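*Asks:* Residue numbers (numbering that gives the first Met the number 0): 0 to 411. Idealized CB from N, CA, C, for every residue including glycine. A quick note: this is a predicted structure, and the numbers were derived from the prediction, not measured. Sharing a structure with you now.
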Amino acid sequence: MTSVQPVRGTQSLLGEEADRLAAIATAFDRVRRIFGFKRVEVPTIEQTSVFARTIGETTDVVSKEMYSFEDRGGESITLRPEFTAGICRAYLSEGWQQYAPLKLAAHGSAFRYERPQKGRFREFRQLDAEIIGAAEPQADVELLGLGYQLLRELGIADGVTLELNTLGDPETRDNWRRALVDYFQAHRGELSDDSNSRLERNPLRILDSKDHRDKAVCENAPTVDDYLTAEAADFFRAVTAGVDAAGVPWKRNPRLVRGLDYYRHTAFEFVTDRLGAQGTVIAGGRYDGLVEALGGPHTPAVGWAAGVERLAMMIEAPAPEAPSVAVVPLGERAEAEAQKIVAGLRREGIATDMAYRGNLKKRLSRANAAGAAYALIIGDDELDRGEAQLKDLASGEQRSVSLDLLSEAIKQ
RNA sequence: GCGAUCGUAGCUCAGCUGGUUAGAGCAUCGGUUUGUGGUACCGAGGGUCGGGGGUUCAAGUCCCCUCGAUCGCCCCA
0 MTSVQPVRGT QSLLGEEADR LAAIATAFDR VRRIFGFKRV EVPTIEQTSV
50 FARTIGETTD VVSKEMYSFE DRGGESITLR PEFTAGICRA YLSEGWQQYA
100 PLKLAAHGSA FRYERPQKGR FREFRQLDAE IIGAAEPQAD VELLGLGYQL
150 LRELGIADGV TLELNTLGDP ETRDNWRRAL VDYFQAHRGE LSDDSNSRLE
200 RNPLRILDSK DHRDKAVCEN APTVDDYLTA EAADFFRAVT AGVDAAGVPW
250 KRNPRLVRGL DYYRHTAFEF VTDRLGAQGT VIAGGRYDGL VEALGGPHTP
300 AVGWAAGVER LAMMIEAPAP EAPSVAVVPL GERAEAEAQK IVAGLRREGI
350 ATDMAYRGNL KKRLSRANAA GAAYALIIGD DELDRGEAQL KDLASGEQRS
400 VSLDLLSEAI KQ
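Here it is in structure tokens:
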């Protein structure tokens, strides 16, 4: 066993595994352009208060999962546990308000001190999409359409279901929450221990508990629909009508809630049963109160985040990268000449490798293992004639090609 | 933070109820006459059996602790 170990919950990926993550980011970038979302880059670190004020002091994310430290200047800094708060901070501190409404897309690593398991890591990657400064239900619809098209581009839309719910406006939410607390108080004895503690911190979360006792109690719990104000009901109707019109399949899940405090109105998750316990692949909702929590003006906003590793587990393996040609020089003179040839081919845009170790047998073997389409064998005899042997590694056919016509021979 | 399972060469694993120098496949390196791979054959290197302690005449194999991994709970993307 080696003495150096990776930090728990981090990943070091090679080849296909790394290609999978890249494929997700590439697809997201393509779709985000089609939908007119601007790319944003935001810092990996923020002042701790940015997350503490927005996500909610009592949430597990803030109270026990953040990577926070004091920097050398004595400031409390936190590695971002998600993107939304940092983007909203930038929206305020960078003067992005002048561009509102803003459609933004970002992706990168986020950090949470959690117990690693399938599809869950301490350093994990997210795609993030936000629309800031738009109170219209059309914004929610556009965002859901973005998520759906991403899944389609990735070829996994069939295995994923959009679950949609509303948490209502603040009035709705408060009334519903109060009714839920009353109801669960009355059934305290039937709830699991976890849910009893949730009753103090985050009663809405009891609704999506996995415990069978909790599920039984939730069967008859009050639903949001009973407390929706007329405005909140209209808003949700407009969202579902828009999603239907956009051709995005969905289903209502009246027990779907959000873990973070800042959500209002629309809440949604794209979920799959193919990934075990971590089945949520994209999740988000409307967070009209967040910018205010950071000290800004009242600013309506919607957004979602997607788990890159989870998406990466679901997609087909991307085609492996292989050179078009592997140059195989024989002898010192040929090796020097080969550098010129390799450089020339690469300038032409042809993916080129050079096999420079071992005898011819080894070099060809390496060329083959690398997946090269052709091997270009260059020995003294060939050089004297201004030629090289171009070998098709799939068919085994080999022919002489003039060094002046190499790229043409390889491209065809 | 809680629970279950697991931890043997670079990788995937075998090692039966504890018993002489710990094995295989793949990978790596070398060779099968010195310029032809993908398909053969021969050979080599590589492991203090995660770490520490204990039981025993004897432990990879049993017990305890610890670290790590996996899957689930919690939380959440």
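#1: Determine the direct distance from the alpha carbon of GLY370 to that of SER196, and round the result to whole angstroms.
#2: On the DSSP bridge list, what partners appear for ILE44?
#3: Buried or exposed for ASP391, please, with buried defined as at least 16 other CB atoms from any protein chain shown within 10 angstroms of its CB.
#4: Do GLU284 and THR265 have their C-beta atoms closer together than 7 angstroms?
#5: Rounded to a whole number of angstroms, what is the C-alpha to C-alpha distance between MET0 and ARG7?
#6: Can you tell me whether ASP493 is helix, strand or coil according to DSSP?
#7: Run through the DSSP bridge pairs and tell me what LYS214 is partnered with.
#8: When the Cα of GLY246 is compared with those of ARG151, ARG29, ILE376 and ALA337, which residue comes out closest?
#9: According to DSSP, is LEU153 helix, strand or coil?
#10: If I measure Cβ to Cβ from GLU129 and keep anything under 6 angstroms in the same chain, skipping five residues before and after, which residues do I get?
#11: Just how far apart, CA to CA, sit ALA311 and SER11?
#12: Just how far apart, CA to CA, sit GLU56 and ARG71?
#13: Which complete alpha helix (DSSP H) runs does the region 229-305 hold, if anything under 4 residues is left out?
#14: Please say whether GLN96 and ALA109 have beta carbons closer to each other than 7 angstroms?
#15: Quickly, what does DSSP pair GLN388 with across the bridge? List them, please.
#16: Quick one: what's got a C-beta closer than 7 angstroms to SER399's C-beta in the same chain, skipping five residues either side?
#17: What's the C-alpha gap between TYR373 and GLN338?
#18: From TYR182, PHE120 and ILE340, pick the residue whose C-alpha is nearest to that of GLY306; which is it?
*Replies:* Straight from the coordinates:
#1: 57 angstroms
#2: LEU78
#3: exposed
#4: Here residue 284 turns out to be Gly, not Glu, going by the sequence shown. Cβ atoms of GLY284 and THR265: closer than 7 angstroms.
#5: Interpretation of MET0 is limited by its pLDDT of 44, a score under 50 that renders its predicted location unreliable; the figure taken from the coordinates is listed afterwards. Their backbone Cα atoms lie some 16 angstroms apart in a straight line.
#6: Shown here, the chain extends from 0 to 411; a query on residue 493 therefore has no answer.
#7: BP columns for LYS214 are empty, so no partner.
#8: ARG151
#9: coil
#10: ILE86, LEU103 and GLY302
#11: 15 angstroms
#12: 25 angstroms
#13: 229-244 and 289-292
#14: no
#15: ILE376 and SER399
#16: GLU386 and GLN388
#17: 17 angstroms
#18: PHE120
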